[in-house]
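Here the structure is laid out as structure tokens; the discussion comes afterwards.
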Amino acid sequence: MATDNDGDAGTDGSSDEGGLIPASSRRRLLKIGGAGAVAAAFGGAGMAAAQQEGDDEDDGEEDDGATGGGSESVLDDLVDPTFGYPLAADESDGVSVERVVDVTETDGAGAHPDFPSEPSGEAPGAFEEVPAEFYFDPVGLAVEPGTLVQFRVLEGLHTVTAFTELAEPALGLPRRVPEDSPPFTSPPLTPDQSWVYQFEESGVYDYFCFPHLGLGMVARIVVYDPEDDDLDDEAFAVEADDSLFPNDRRVLASEELVPENVVDAGEVAWADLTIGGVEASGTPDEAGTETAEAETETEGAGTETEQAESETETETETETEEP
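82 is the number that the UniProt record's numbering gives to position 82 of the sequence shown; each next residue is one higher, with no gaps.
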């Protein structure tokens, strides 16, 4: 979506349009989620700024006046476990972090036809495409414990928020990060701004963009130490969750985002993701099974009818042949 429209979207709440969320729920989400995001913005920036100030005082003149913006070792000391470390537009280019995730959106047809989608207002049970894509790229990323990741906004207004019950209690979001992981979130970010977070605990981290919750703007980071971790451990197990919005569930259920596949690939580009179909009733497999069962029952009924007709014809022929 064009950047020029983002200010209006944030003002009138239209940034969530088409998100498989009823209008009343969408308004409520914007009311409580927007307030939470703004609070996160002030809290995150304030905490990070205070922490930076304290570190500067401790360091004295050891840094020769350098800001440390281009050093991962300096960022290690600045990144808050909950609020990360936000960077203004004029600071982002000076940061040298190896792992970078682009946070962006595209107007019109994107990499995935018919995605995201929302219930059609004209045909009950039908779905229609939302004319935009909102995504993290890469959408899947494997890193080792302690790795810094920079989230860089290219288009739109977005957040990077962990799936936890504390992200917004009124929404009942599921926890999809390790139990020992804080409920991290970035402040709202606009183009050229970025946010740095350090992933410490091994496990699977699913995160989302608050303004586009329900529109499939979700992603996964797998923190894995090849020497100490086992992908068969419970920490790397992920399950389908009906409490997720359908578009979000479609992304996270992609074959490419299975933790083992993310680790094998290293990273998964948004364009390479295989996104499943819309659930018209239950999951795609359930819907397909129900349809197949209905077709089988219909075919069975047809077979029984044919058998009855055949038996009737045989009886009629027999009666005709008898003297």
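The beta carbon of each residue, even a glycine, is placed where N, CA and C say it ideally should be.
Just so it is clear, the structure is predicted and the values come from calculations on it, not from any experiment.
For Asp77, the nearest candidate out of Gly146, Ser254 and Asp93 (CA to CA): Here residue 77 refers to the residue found at position 77 of the sequence shown. Considering only alpha carbons, the answer is Gly146.
Status (buried if at least 16 other CB within 10 Å, exposed otherwise) for residue 324: Residue 324 lies beyond the range of the chain shown here (1 to 323); nothing can be said about it.
CB of Gly140 within 8 Å of CB of Glu267, strictly: As a first step, residue 140 is located in the sequence shown; it is residue number 140 there, counting from the start. As a first step, residue 267 is located in the sequence shown; it is residue number 267 there, counting from the start. If you check the CB distance, Gly140 and Glu267 come in under 8 Å.
Touch test, the segment 218-231 against the segment 243-259, Cβ-Cβ under 8 Å, three pairs minimum: Verdict: yes, contact present.
Simplified DSSP state of Phe236, which is helix, strand or coil: The residue given as residue 236 occupies position 236 in the sequence shown. Helix at Phe236.
Assumed close pair Asp248, Gly277 - CB separation to whole angstroms, cut-off 8 Å: Sequence index remark: in the sequence shown, residue 248 carries index 248 (1-based). Sequence index remark: in the sequence shown, residue 277 carries index 277 (1-based). Contact between Asp248 and Gly277 does not hold, since their C-beta atoms are separated by about 15 Å, which reaches or exceeds 8 Å.
Beta-carbon contacts of Asp228 that lie in its chain and below 7 Å, excluding the five residues immediately before and after: Here the question's residue 228 lines up with position 228 in the sequence shown. There are no such residues.
Top-ranked residue by Cα proximity to Tyr135, from Asp264, Ala170 and Val251: Along the sequence shown, one-based indexing puts residue 135 at 135. The candidate whose alpha carbon is nearest that of Tyr135 is Val251.
Spatial distance of Gly43 from Glu122 (CA atoms): Here residue 43 refers to the residue found at position 43 when the sequence shown is read from its first residue. Here residue 122 refers to the residue found at position 122 when the sequence shown is read from its first residue. Caution is warranted here: a pLDDT of 38 is assigned to Gly43, below 50, making its placement in the model unreliable, and no coordinate value can be reported.
Outcome for Ala271 when other beta-carbon atoms lying within 10 angstroms are tallied against a minimum of 16: Taking the sequence shown and counting its residues from 1, one reaches residue 271 at position 271. Result: exposed.
Leu252, enclosing alpha helix (DSSP H) - first and last residue: Position 252 of the sequence shown, counting from 1, holds the residue named residue 252. Run containing Leu252: Pro246 to Leu252, per the alpha helix (DSSP H) assignment.
Residues of its chain near Ser202, where Cβ-Cβ distance is below 7 Å and the 5 sequence neighbours each way are ignored: The residue you call residue 202 lines up with position 202 of the sequence shown. Taken in chain order, the residues that qualify are Pro145, Val223, Tyr224, Asp225, Asp229 and Ala235.
Opposing strand residues paired with Ile221 [DSSP bridges]: The residue you call residue 221 lines up with position 221 of the sequence shown. Assignment of beta-bridge partners to Ile221 by DSSP yields Leu141 and Tyr205.
Stretch-stretch touch, CB-based, cutoff 8 Å, three pairs: the segment 101-112 with the segment 149-162: A contact exists between the segment 101-112 and the segment 149-162.
Asp90 to Pro191 span [Cα, whole Å]: Here residue 90 corresponds to residue number 90 of the sequence shown, with the count starting at 1. Here residue 191 corresponds to residue number 191 of the sequence shown, with the count starting at 1. Each residue's Cα considered, the two are about 11 Å apart.
Buried versus exposed call for Asp137 [16 or more other C-beta atoms within 10 Å across all chains shown]: Locating residue 137 in the sequence shown gives position 137, counting from the first residue. By the neighbour-count criterion, in which 16 or more other beta carbons inside 10 Å mark a residue as buried, Asp137 falls on the buried side.
Beta-carbon proximity check, Asp241 vs Pro174, cutoff 8 Å: On the sequence shown, position 241 is the one that residue 241 refers to. On the sequence shown, position 174 is the one that residue 174 refers to. Taking a C-beta distance under 8 Å as the contact criterion, Asp241 and Pro174 qualify as a contact pair.
Ser92 - containing beta strand (DSSP E), residue span: For the purposes of this step, residue 92 is taken as the residue at position 92 of the sequence shown. Premise fails: Ser92 lies in the alpha helix (DSSP H), Ala89 to Ser92, not in any beta strand (DSSP E).
Cβ-based burial, Ala162 [other Cβ within 10 Å; buried from 16]: By one-based count along the sequence shown, residue 162 stands at place 162. The residue is buried, with at least 16 neighbouring Cβ atoms inside 10 Å.
Contacting residues, own chain, Cβ-Cβ under 8 Å from Glu269 (five flanking each side not counted): Counting from one through the sequence shown, the residue named residue 269 turns up at place 269. In the sequence on display, residue 269 carries Ala and not Glu. Apart from sequence neighbours up to five positions away, the residues of its chain that approach Ala269 with a beta-carbon distance below 8 Å are Asp137, Pro138 and Val139, ordered along the chain.
Other residues of its chain near Pro182: CB distance less than 7 Å, five sequence neighbours each side excluded: Residue 182 sits at position 182 when you count from the first residue of the sequence shown. Same-chain partners within the cutoff: Pro81 and Thr82.
Rounded C-alpha distance that separates Phe208 from Thr159: As a first step, residue 208 must be located in the sequence shown, where it is residue number 208. As a first step, residue 159 must be located in the sequence shown, where it is residue number 159. About 7 Å.
Local conformation of Phe136 per DSSP, three classes: For the purposes of this step, residue 136 is taken as residue 136 along the sequence shown, with counting starting at 1. In the structure shown, Phe136 sits in a strand (DSSP, three-state: E or B).
Alpha-carbon to alpha-carbon, Phe184 and Pro178: On the sequence shown, residue 178 is found 178 positions in, with the first residue counted as 1. On the sequence shown, residue 184 is found 184 positions in, with the first residue counted as 1. Whole-angstrom Cα-Cα distance: 12 Å.
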